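Chemist: Residues -31 to -1, 1 to 569 in mature numbering (1 follows the signal peptide of the UniProt record, and there is no 0) are what the sequence shown lists, from first letter to last.
Sharing a structure here in structure tokens format.
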Amino acid sequence: MTSRCSEAMRLRAASALLAVPAFCFPLALHAQDGDGGSTAGTNSGASGAQGGDSESAAAASGGANPFTRLFGGGDASGLLGMSGLAFRPGFGGGCVAAAGFSDVGEPGVYDSLELTSATAGNDGRYAQLSVSASETYTDNLNQEPDDEAMSDYITAVSPRLDACSQTGRIRGQLSYQLEGLIYANNSQYNDVYNDIQAETTIELVPGRFYLDADTRYGQTVVDPSINFSASNSIRPDQNKTTAWVSNVSPYLVQSLGPVGQAMLRYRYGYSDYGDRDVPDSTVQGVFLNITSPETREPLSYQFSALTQRVERSGGDESRFLDRFPDELQDSPLLPDEEALERDRTTYFDRVMLDLGYRLTPTLQLVGAGGLENRYNRDGTTDRLEEPFWNGGFRWDSARNSLEARVGDRYYGTSYEFSASHDGRLFDTQVGYDEETTNQALNTLNGGGSIGSSGGGFGGFGGFGGTTSSQFDRGVFVQKQLSASVDFDTALTETRLTASQQEREYQDSDEPDETYKRLDLETRYNVTRRMTFVPRARWQNREGSSRGGEYDTYAVGTSLIRSLTPTSQGAVGYVRSWRDDDSDASEYEENRIVVQFRKSF
């Protein structure tokens, strides 16, 4: 591996903290699923305090796809393609196209059909054109109570382009889809949607100066307190808006000789929403990281300093929620106008030293300490006035890893845990972390459900993630627990994921929230050309002052048939429903989809 790639691997924690991608080629760097976290926490992840061979660590992280997104949040399961009618994403060879536009709910008619191998030149660049067409029947188009349900037939046509480059000084990926929808009984909903997801790393000065950038454009759910569908076609024009989220981040890498490697990074990001009641936001941040050289073993260290300024502007949550008086009629508390107008600017700062000492080739003691912000109930912030610390261990073997830390932060005792097992029959991962963040920063870091290409098959998006409100209700401590199990046999592939996210608000009187989610999918190869895919999903939210508690469920199945080497067809059925504290928000929906896709 080149020295630049080794340096990038050792600096991957620094890039992850800024939530923008910094690719190392040709090896992949992986981020956890789930809503995007703050960069103001104390989690070390794969920090410089982890000594040892960076190439081995990279190889163990999971494969040769250099286009896995690094920033946390959204659907990080693009390689699995468990969305839509359960077609696989990307290319049969070469690089994997961007997938997982949808976070929760119903993704699109594009549905990431399994594409044939793209023609690959020696330059390592790939492109794939495709078009899909589907016919959908739903017995509850707008997800209304039974006595108000309205059925419809929906015709969708979706051309799509996936492209990527994994060589040269400009590397990245692009996915674009245009989707046209025609409703048989409700022509007022006829529309055309665009979805874009792109990211790149540009080597401006070889081995020294780089530029990362990413952008996402598409529909997003505004607030899950109200019935929502991440699909463009279901519940059209209700509780959704267009969102454009982008980040750009130049960074400089410099060797400090025996001291280690340094990286200085600037980050600018913005989110812009089509609905004037949803607040826009920007982030500007500066990050400095110094990582110890491997010659320091068994001692390792990483020093980091970070400041981020998050600003939100515009928006009116009360005015938005007033559009849905029936669904929120049982809400115990409507937004506090004064609280919503305060703290339009929030700072996330941290200075930290992370240390490690390797006792054996597989066991390392780790610890960290520094200063961070305290967020007060009156809306003020004490910047870099609160000390924090944590300590624990990290253990790694060829197929297993385990890390655990316990410490103290401004809100009390803190915990951090991660474990993984790469077995012959099954793989499993478990992780728990705590971060200080707000919704604006989560969105800018890649969380949320931005980009949802249509509604060919309802009830399912990618695995992981949380559908949360786009309204910023204050700074909260985000406590995220996630777990996944992958089990394969000769004829089946099964994936089970579970997550729980708690939000403990720090600078407002907003009630704490808890989100839970469970996904199960099995792919059964009936024949060489036919696959049967049953799936199920459960989501729960409780504790919010808006809409009370709700549960959403979806169960369904699809049958996929390869017609030719470049075309596939499928038929699917899904049943979804919602239990809610408000009767006006409860619904049941049944949907049948027939879909065809051709790649070129």
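We put the CB at the ideal spot given by N, CA and C, even for glycine.
Only a predicted model underlies this, so the values are computations on that prediction, with no experimental measurement involved.
1. Are Glu280 and Arg313 close, meaning C-beta to C-beta below 8 Å?
2. Output the distance between the C-alpha atoms of Tyr556 and Pro114, rounded to the nearest integer angstrom.
3. Quick check on DSSP: helix, strand or coil for Arg506?
4. Would you call the stretch 107 to 126 in contact with the stretch 134 to 142, where contact means no fewer than 3 C-beta pairs closer than 8 Å?
5. Which of the three DSSP states is assigned to Thr350 in this structure?
6. Per DSSP, what kind of secondary structure is Glu117 in: helix, strand or coil?
7. Between Val546 and the rest of its own chain, which residues show a CB-CB distance below 6 Å, the 5 nearest in sequence each way excluded?
8. Which whole-angstrom value is the C-beta distance of Gly443 and Glu479, which I expect to be below 8 Å?
9. Where does Met119 land, buried or exposed, given buried means 16+ other C-beta within 10 angstroms?
10. I need the straight-line Cα distance from Thr461 to Thr105, nearest angstrom please.
11. Measure the C-alpha to C-alpha separation of Arg343 and Arg236 and round it to an integer number of angstroms.
12. For Leu450, I'd like the list of residues in its chain whose CB is within less than 6 Å of its CB, leaving aside the five on either flank, ordered along the chain.
13. Using the C-alpha atoms, what's the distance from Ala337 back to Asn163?
14. So, at 6 Å on beta carbons, what are the nonlocal neighbours of Ala102 in its own chain, with the 5 sequence-adjacent residues on each side left out?
15. How do the stretch 174 to 186 and the stretch 208 to 218 stand: do at least 3 beta-carbon pairs fall below 8 Å, yes or no?
16. Starting from the C-beta of Lys567, find all residues in its chain whose C-beta is less than 8 Å away, skip the five residues before and the five after it, and write them out in chain order.
17. With distances taken Cα to Cα, identify the nearest neighbour of Leu528 among Arg504, Pro193, Arg363 and Arg177.
18. Since Leu532 is in the beta strand (DSSP E), which residue starts that stretch and which ends it?
19. Would you kindly check if the distance between the Cβ of Met232 and the Cβ of Val247 is under 8 Å?
20. Alpha carbon to alpha carbon, how far is Asn407 from Asp476? Give it in angstroms, no decimals.
21. Apart from the five residues just before and just after Phe272, which ones in its own chain have a Cβ nearer than 6 Å to its Cβ?
22. Is Glu266 buried or exposed, if buried means 16 or more other CB atoms sit within 10 Å of its CB?
23. On the premise that Tyr379 lies in contact with Arg352, defined as a C-beta separation below 8 Å, what is that separation, rounded to the nearest angstrom?
24. Within the same chain, show all residues whose beta-carbon is closer than 6 Å to that of Thr463, passing over the 5 residues directly before and after it, in chain order.
25. Which residues mark the beginning and the end of the alpha helix (DSSP H) in which Gln408 is found?
26. How many whole angstroms separate the CB atoms of Thr397 and Ser366, which I take to be in contact at a CB cut-off of 8 Å?
27. Can you give me the Cβ contacts of residue 585 inside the same chain, cut-off strictly under 8 Å, excluding the 5 residues immediately before and after it?
28. Tell me where the alpha helix (DSSP H) around Phe289 begins and ends.
29. In chain order, what residues of the same chain have a beta carbon less than 6 Å from the beta carbon of Ile151, not counting five sequence neighbours either side?
30. CB Ser383 to CB Asp192, shorter than 8 Å?
31. Do Ile203 and Tyr186 count as a contact pair if the criterion is CB distance below 8 Å?
32. With DSSP as the reference, label Gln475 as helix, strand or coil.
33. Do Ala212 and Tyr242 have their CB atoms nearer than 8 Å?
34. Here's a check: name, in chain order, each residue in its chain whose Cβ is nearer than 6 Å to the Cβ of Leu465, leaving out the five neighbours to either side.
35. Measuring alpha carbon to alpha carbon, tell me which of Glu511, Val502 and Gln157 ends up nearest Glu473.
36. Count the other CB atoms, across all protein chains shown, that sit within 10 Å of the CB of Phe445; report buried if there are 16 or more and exposed otherwise.
Modeler: Taking the structure as given:
1. yes
2. Approximately 5 Å between the Cα atoms of the pair.
3. strand
4. The stretch 107 to 126, when compared against the stretch 134 to 142, does not touch it at the 8 Å Cβ threshold.
5. Thr350: strand per DSSP, three-state reduction.
6. helix
7. Reading off the sequence shown, one finds Trp at residue 546, where the question assumed Val. For Trp546, where only same-chain residues beyond five positions count, the Cβ hits under 6 Å are Tyr522 and Glu557.
8. Right, their Cβ atoms sit about 6 Å apart.
9. exposed
10. 28 Å
11. Cα-Cα distance, rounded: 23 Å.
12. Hits under 6 Å: Tyr401 and Gln469.
13. 45 Å
14. Val126 and Phe565
15. yes
16. Ser99, Val100, Ser101, Thr535 and Ser536
17. Arg504
18. Tyr519 to Thr533
19. Taking a C-beta distance under 8 Å as the contact criterion, Val247 and Met232 do not qualify as a contact pair.
20. 10 Å
21. Ile259 and Leu322
22. exposed
23. No, Arg352 and Tyr379 are not in contact; Cβ-Cβ is about 12 Å, not under 8 Å.
24. Within the same chain, Cβ atoms closer than 6 Å to the Cβ of Thr463 are found at Phe456 and Thr491, the five residues on either side in sequence being excluded.
25. Gln408 to Leu413
26. The pair is not a contact, with the Cβ atoms about 15 Å apart (cut-off 8 Å).
27. Any answer about residue 585 is impossible in this case: the structure gives the chain only from -31 up to 569.
28. Glu286 to Leu290
29. Thr124 and Asn159
30. It is not a contact, given that the beta carbons lie outside the stated cut-off.
31. no
32. The answer is coil: DSSP assigns Gln475 none of H, G, I, E or B.
33. yes
34. Only Val454 and Leu489 meet the Cβ criterion.
35. Looking at the Cα atoms, Glu511 is the closest of the given residues.
36. buried
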